[in-house]
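**Q** Going by the UniProt record's numbering, the sequence shown opens with residue 1, and the numbers climb by one from there.
Backbone N, C-alpha and C fix where the C-beta goes; we use that ideal spot for every residue, glycine too.
Handing you this structure, nothing more for now.
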Amino acid sequence: MKTKLMIASTLSFGVALVNPALANDDQTLLKAFHDYGISKCDSFILENSKLKGNWNFFINKHAGGIDGPATEVTITQIFGSKGDTVKTEGTYIQTEKKCFLRSTWTLTFPGSCSENIDGNAWYISTDMPNKDYTTYKNAGGIELHAKEISVGNFKACIQEGSQRASASHG
């Protein structure tokens, strides 16, 4: 639960989660991106997708471009430990002039959403009583979509979100 709580707290303030990682992890991650053609976005990648403790990552390349010659690579990271695992996905796009990222995350917490979403950090931006989801926003403009599920007496809150970022090459 510590890993998910840390991610949720960090997202509450709209700040990218950056944990220290060993140089070998940084080199492993950057080599994978370089192998797929993204070689001008190293600092941007390390700022936004550092490998976390007890990690696995999967990386693949997408053909084609968005606005001319561009390289698009998606990394899926699964980290943490049993009972406290987080899955994130980041799609990096390297164009001739910039680096772009669209990242998504999914967190699942035992209990209701009202127990797991801090009302001091998030407010309901779109209540959808005829749907399974409620949309929340925080002061940083980050949007969170939450869905509560029940199985017997067990309740869980599924939280999903995304953000976009860009940077110059480097």
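#1: Which residues bound the beta strand (DSSP E) around I143?
#2: Under the DSSP definition of a beta bridge, which residues are partnered with K98?
#3: Closer than 6 Å by C-beta to T108: which residues in its own chain qualify, once you throw out the five before and the five after it? Chain order, please.
#4: Look at the Cβ atom of F100, then the Cβ atom of I75, and state whether they are nearer than 8 Å.
#5: Determine the closest residue to Q163 out of G111, Y136, H34 and G90, with distance taken between C-alpha atoms.
#6: Quick check: T135 and E143, are their CB atoms within less than 8 Å of each other?
**A** According to the data block:
#1: As a first step, residue 143 is located in the sequence shown; it is residue number 143 there, counting from the start. According to the sequence as given, residue 143 is Glu; it is not Ile. Counting along the chain, E143 sits inside the beta strand (DSSP E) bounded by residues E143 to V151.
#2: Start at 1 with the first residue of the sequence shown, and residue 98 comes out as number 98. Bridge partners of K98: S168.
#3: Here the question's residue 108 lines up with position 108 in the sequence shown. These residues qualify, in order along the chain: A156 and I158.
#4: As a first step, residue 100 is located in the sequence shown; it is residue number 100 there, counting from the start. As a first step, residue 75 is located in the sequence shown; it is residue number 75 there, counting from the start. The answer is no: Cβ separation not under 8 Å.
#5: Numbered from its first residue, the sequence shown carries residue 163 at position 163. Looking at the Cα atoms, G90 is the closest of the given residues.
#6: Within the sequence shown, residue 135 is the residue found at index 135, counting from 1. Within the sequence shown, residue 143 is the residue found at index 143, counting from 1. A contact, by the Cβ cut-off of 8 Å.
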